[in-house]
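Structure, as structure tokens:
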Amino acid sequence: FWIPPSLSHLLCWYAAVSVRPSVRVATADRSDESMKTYCFERRNRREYLIEVYECHSRNEDRVFRDLNDTRGSAGYNIYREYVDEELRDRRICEAKSCQKWVIS
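Residue numbers for the sequence shown follow the numbering used here, beginning at 9 and rising by one.
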């Protein structure tokens with residue numbers, strides 16, 4: 009992100025805070041330990057945060073929890089597989105004009 013030069017006090021604060029070990033760890037890419045512990049696939053911090061937020065943005069927290077409780081494992085995002093399957097099925101349905109078979 010970018011901080012305007014006119015905010016010199018904020019720039020000084022950011023420079024001081026960003027060298028702290030806790031901040032470096034919290035803003036760095038995921039560690040091997042994290043990859044072996046949590047059910048997400050992305051190592052890059054930005055991509056990881058997007059992956060973590062996806063179920064929340066779709067209001068599917070419960071689906072995420074249920075999938076991970078039954079079939080989840082470290083380093084594998086079962087929710088992403090579920091979403092990909094849903095999108096694939098939707099595209100197939102739209103391509104075959106099967107909307108008339110969808111029950112709302």
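Quick reminder that beta carbons are idealized off the backbone N, C-alpha and C, glycines included.
Asked, Found
"Quick one: complete beta strand (DSSP E) runs, 3+ long, within the region 70 to 108?", "none"
"Please report the distance separating the alpha-carbon of Lys44 from that of Glu94.", "27 Å"
"May I have the straight-line CA-CA distance separating Thr35 from Ser26, to the nearest angstrom?", "9 Å"
"So, under 8 Å CB-CB, Glu59 and Asn85 are touching, yes? Tell me the CB distance rounded to an integer number of Å.", "6 Å"
"Ignore the nearest five residues each way along the sequence and tell me which others in Arg51's own chain have a CB closer than 6 Å to its CB.", "Asp37, Arg38"
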